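For reference, the structure is listed below as structure tokens.
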Amino acid sequence: MPFGRPCGLRLRSKLERCIERILLIATAIAAVAIISILLLLAYFCLPLFTSGELGEVFSRRWQPFAGSYGILPMCAGSFAISLLALFLAFPGAVAICFFVHSLAPAPAAGLLKTLVHFMTGIPTVIYGFVSVFLLVPLMRDWLSAGTGFTLLTAAITLSLLILPTIVLVFQARLERIDPTLTLASAALGFTPIEQVRHVLIPASAQGLLVAAILGFGRAIGDTLISLMLAGNAAQFPVSLFVSIRTLTAHIALVLATDSQSMAYRSVFAAGLVLFLLMGMINLLIQRIGRADNEKTYEKDR
Amino acid sequence: MEKVVTNPAIVVEELCVEFSGKTVLENVSLTILPAELHVIIGPSGSGKSTLLRAINRLNEFFPNCRTSGLVRIRLDGHLVDIYARDAPPLPELRRRVAMVFQTPAVLPFSIEKNMTMPLKVTLGLRGGELRERMEWALRQVGLWDEVEARLLDEATTLSGGQQQRLCLARALALGPQVLLVDEPTASLDFRATETIEQLLVDLKDRYTIIAVSHSLSQARRLADRLWVLREGRVMQQMNRRQLQDAALFQEIIDNIF
Ligand SMILES: Nc1ncnc2c1ncn2[C@@H]1O[C@H](COP(=O)(O)OP(=O)(O)OP(=O)(O)O)[C@@H](O)[C@H]1O
Ligand SMILES: [Mg+2]
């Protein structure tokens with residue numbers, strides 16, 4: 000052997016220290032990037048706070064040429080579209096999960112899983128594109144909803160986009176539930192439906208919440224669908240059939256077309272709102288995750 | 000009352016069970032008589048739990064499992080082939096042929112809900128009847144005094160032995176005809192073991208009981224009929240009389256283990 004043992008050990012610890020250092024640097028870069036984004040946003044938003052324009056930005060009217068720069072309609076639009084998409088996608092996603100987990104025969108379950116995985120791979124723009132030709136005319140002609148570019152059109156499409164997210168997250172949670180739980184409830188004489196209803200749903204309640212929140216976050220963060228399909232009118236979502244604009248679409252639109260100072264600043268306010276919202280969502284999920292890990296019925300405690 | 004020995008409660012014939020093509024039970028044939036306590040012993044991995052699960056078709060929970068052979072159980076007076084096409088539906092079969100697992104499988108709910116929820120869901124019991132049944136079953140396993148004051152605590156906060164008895168009580172409460180118990184005293188102390196052993200002896204007139212045991216002395220104490228399993232085969236069957244003969248018992252056991 001060319002190396003004695005101590006030499007090999009020293010070599011290994013050197014390598015380990017090197018890897019450790021690389022990981023530390025990578026972590027530092029990521030942390031610095033996130034903090035600088037936050038600082039940058041805060042810096043650009045600072046004039047809003049100091050000059051008292053804050054009220055103007057968080058007001059109800061967006062009419063840049065008349066000097067109104069309110070982003071509240073966009074906040075409301077973002078919430079409306081995300082909640083609606085979640086409302087549409089969640090029951091289906093949860094049903095798919097339980098079906099795959101305990102009701103479906105193996106081939107059907109496999110097929111559904113493959114389909115959902117395939118859905119995650121479809122680029123967002125394809126969803127938007129297909130909807131423009133499929134859903135928009137349907138809305139326009141059947142429901143005579145104006146141009147067809149409405150809150151509902153975008154929400155339906157968005158629900159397809161977030162469905163796989165919810166399915167994958169909840170599926171992972173379900174799989175972490177100890178299989179002896181299902182075995183035990185089968186041994187008690189529960190039908191598969193009763194097993195789902197009386198054992199699996201209560202045992203996975205936290206997972207349901209996490210999946211819903213993540214789905215909501217994904218919907219809030221999406222830009223393309225609302226930009227392509229929601230009509231982008233800066234108004235409050237008073238019905239399912241009005242055009243609305245989301246915060247994300249607002250940022251994209253203003254950055255692409257406008258450069259007036261106040262309009263620009265409203266973009267940063269919108270960015271800050273989104274950033275804080277996502278931060279809150281993440282915190283919430285972490286907190287739920289911690290509470291969840293304390294429960295003992297999951298396999299990997 | 001005289002025992003009618005020609006009236007078997009369960010007949011297992013040439014039962015074979017495979018997991019992913021690996022044979023776990025091979026040509027197992029047994030006849031289980033009513034009002035006797037049947038005990039299965041055998042080395043770890045010999046297929047004892049698998050044999051119990053074959054009797055309430057719980058092996059089918061594992062998709063890689065294949066079962067062949069015949070299992071007939073007396074339900075409402077008739078011997079029913081439980082693997083036949085016209086057999087009772089699985090949930091009903093499992094309600095009548097209750098099983099208590101080797102490792103206690105409490106549901107992630109309170110002690111009370113562990114007892115009452117299955118009664119509500121499968122038997123539709125409500126109100127006072129529900130409470131009565133729960134108390135009766137918990138008393139049977141000697142758990143009532145220990146949990147009476149903490150019925151609303153999570154069942155997982157109970158000790159291993161208490162959980163084991165809770166699971167037994169839960170099975171009893173459902174009023175099965177056959178009781179399959181997989182090492183019911185594995186994690187119990189001396190006193191609780193005594194309670195459960197006595198319970199099994201008391202219950203054997205009312206239920207057909209098949210118990211798996213790891214303890215040779217316990218098997219000798221309890222069994223009216225004993226089967227020794229090794230590598231998926233029945234190596235030996237012994238009745239009460241043969242079990243009394245300590246030397247014979249020891250010799251047989253030494254040969255097999
Ligand atoms: N779900 C399963 N999938 C694959 N193999 C299994 C499964 N269940 C049991 N086996 C195998 O079948 C054999 C018998 O298992 P079983 O649990 O019946 O043994 P046992 O006699 O109860 O052992 P122990 O005394 O340790 O509980 C073992 O080799 C085990 O690996
Ligand atoms: Mg076992």
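From first to last, the protein sequence lines stand for chains A and B.
Residue numbering for the first sequence follows numbering that gives the first Met the number 0, beginning at 0 and increasing consecutively.
Residue numbering for the second sequence follows numbering that gives the first Met the number 0, beginning at 0 and increasing consecutively.
Every residue gets a Cβ at the ideal spot worked out from N, C-alpha and C, and that includes glycine.
Values in this document were obtained by computation on a predicted structure and should not be read as measured data.
Find out if the Cβ-Cβ distance for the pair residue 257(B), residue 226(B) is shorter than 8 Å.
Nothing about residue 257(B) can be read from this structure; chain B reaches only from 0 to 256.
Contact between the stretch 188 to 197 of chain A and the stretch 218 to 230 of chain A is defined here as three or more beta-carbon pairs at a separation below 8 Å; is this criterion met?
no
Starting from the N-terminal end, write out each residue whose C-beta falls within a distance shorter than 5 Å of any non-hydrogen atom of ligand 1.
18(B), 23(B), 43(B), 44(B), 45(B), 46(B), 47(B), 48(B), 49(B) and 61(B)
Nearest to residue 76(B) by alpha carbon, out of 8(B), 61(B) and 190(B)?
8(B)
Determine whether the Cβ of residue 106(A) lies closer than 8 Å to any Cβ atom of chain B.
no
Alpha carbon to alpha carbon, how far is residue 148(A) from residue 245(A)?
13 Å
Is there at least one Cβ from chain A nearer than 8 Å to residue 189(B)'s Cβ?
no
Same chain only: Cβ atoms within 8 Å of residue 79(B), ignoring 5 sequence neighbours per side
71, 72, 73, 86 and 87
Which residues of chain A have a Cβ atom closer than 7 Å to the Cβ of residue 117(B), listed in chain order?
187
Alpha carbon to alpha carbon, how far is residue 274(A) from residue 157(A)? Give it in angstroms, no decimals.
For the pair residue 157(A) and residue 274(A), the Cα-to-Cα distance works out to about 20 Å.
So residue 204(B) and residue 34(B) are in contact, right, with Cβ under 8 Å, and what is the actual spacing, rounded?
Between residue 34(B) and residue 204(B) the Cβ distance is about 5 Å, and since that is below 8 Å, they are a contact.
Under the three-state DSSP convention, the category residue 18(B) falls into:
Here residue 18(B) carries a strand assignment [DSSP, helix/strand/coil].
Nearest to residue 256(B) by alpha carbon, out of 45(B), 147(B) and 27(B)?
Answer by Cα proximity: 45(B).
Name the DSSP beta bridge partners of residue 135(B), please?
Beta-bridge pairing links residue 135(B) to no other residue.
Please compile the residues from chain A whose C-beta is within a distance smaller than 8 Å of the C-beta of residue 138(B).
Going along chain A, no residue has its Cβ under 8 Å from residue 138(B), so there is no contact; the nearest lies around 20 Å.
Residues in the same chain with beta-carbon distance under 7 Å from residue 91(A), minus the five sequence neighbours each way, listed in chain order, please.
Leaving aside the five residues that flank residue 91(A) on each side, the residues in its chain whose CB is nearer than 7 Å to its CB run, in chain order, 162.
Given the structure, does residue 38(B) come close to ligand 2, in the sense that its CB is under 7 Å from one of the ligand's heavy atoms?
Not one heavy atom of ligand 2 falls within 7 Å of the beta-carbon of residue 38(B).
Suppose the cutoff is 8 Å on Cβ atoms and the five residues either side in sequence are ignored; what does the same chain contact list for residue 242(A) look like?
Closer than 8 Å at the Cβ level, and outside the excluded window around residue 242(A), lie 145, 146, 148, 149, 150, 229, 230, 231, 232 and 234.
By the 8 Å beta-carbon criterion, what residues does the stretch 175 to 209 of chain A contribute toward chain B?
179, 180, 181, 182, 183, 184, 185, 186, 187, 188, 189, 190, 193, 197, 198, 201 and 202
Looking at residue 233(B) and residue 10(B), is the spacing between their C-beta atoms short of 8 Å?
no
Starting from the beta carbon of residue 62(B), find every residue of chain A whose beta carbon is closer than 7 Å, and list them in chain order.
105
Terminal residues of the continuous alpha helix (DSSP H) containing residue 257(B)?
Look at the range of chain B in this structure, 0 to 256, and you will see that residue 257(B) is not part of it.
Nearest chain A C-beta to residue 121(B) closer than 8 Å, yes or no?
yes
Residues bridged to residue 77(A) by DSSP?
Per DSSP, none; premise fails for residue 77(A).
Nearest CA to the CA of residue 82(A): which residue from 48(A), 236(A) and 264(A)?
Taking only the C-alpha atoms, the option nearest residue 82(A) is 236(A).
Counting C-beta neighbours from all protein chains within 10 Å, is the total for residue 295(A) 16 or more, i.e. buried, or is it exposed?
Low confidence applies to residue 295(A): its pLDDT is 44, below 50, so where it sits in the model is not reliable enough to give any reading.
Report yes if the C-beta of residue 101(B) is less than 7 Å from at least one heavy atom of ligand 2; otherwise report no.
yes
If the cut is a Cβ gap below 8 Å, which residues of chain A does residue 55(B) touch?
186
Only counting runs of 4 or more residues, tell me where the alpha helix (DSSP H) segments fall wholly within the stretch 194 to 264 of chain A, in order along the chain.
Restricted to the stretch 194 to 264 of chain A, the alpha helix (DSSP H) segments that are unbroken, complete and at least 4 residues in length are 204 to 220, 223 to 228 and 246 to 256, listed in chain order.
Using three-state DSSP, classify residue 80(B) as helix, strand or coil.
Reduced to three states, the DSSP call for residue 80(B) is strand.
Does any CB atom of chain E fall closer than 8 Å to the CB of residue 91(B)?
Absence of chain E from the displayed structure is noted, the protein chains being A and B.
Out of 178(A), 271(A) and 201(A), point me to the one whose CA is closest to residue 61(B)'s CA.
178(A)
Is any non-hydrogen atom of ligand 2 found closer than 7 Å to the C-beta of residue 99(A), if you look at the structure I gave you?
No, the beta carbon of residue 99(A) sits no closer than 7 Å to any heavy atom of ligand 2.
Is residue 248(B) close to chain A? Criterion is C-beta to C-beta, closer than 8 Å.
No, no contact with chain A.
Give me the chain A residues within the contact set of residue 94(B), using Cβ-Cβ distance strictly less than 7 Å, ordered along the chain.
188
Looking at C-alpha atoms only, which residue of 106(B), 19(B), 212(B) and 59(B) is the closest neighbour of residue 156(B)?
106(B)
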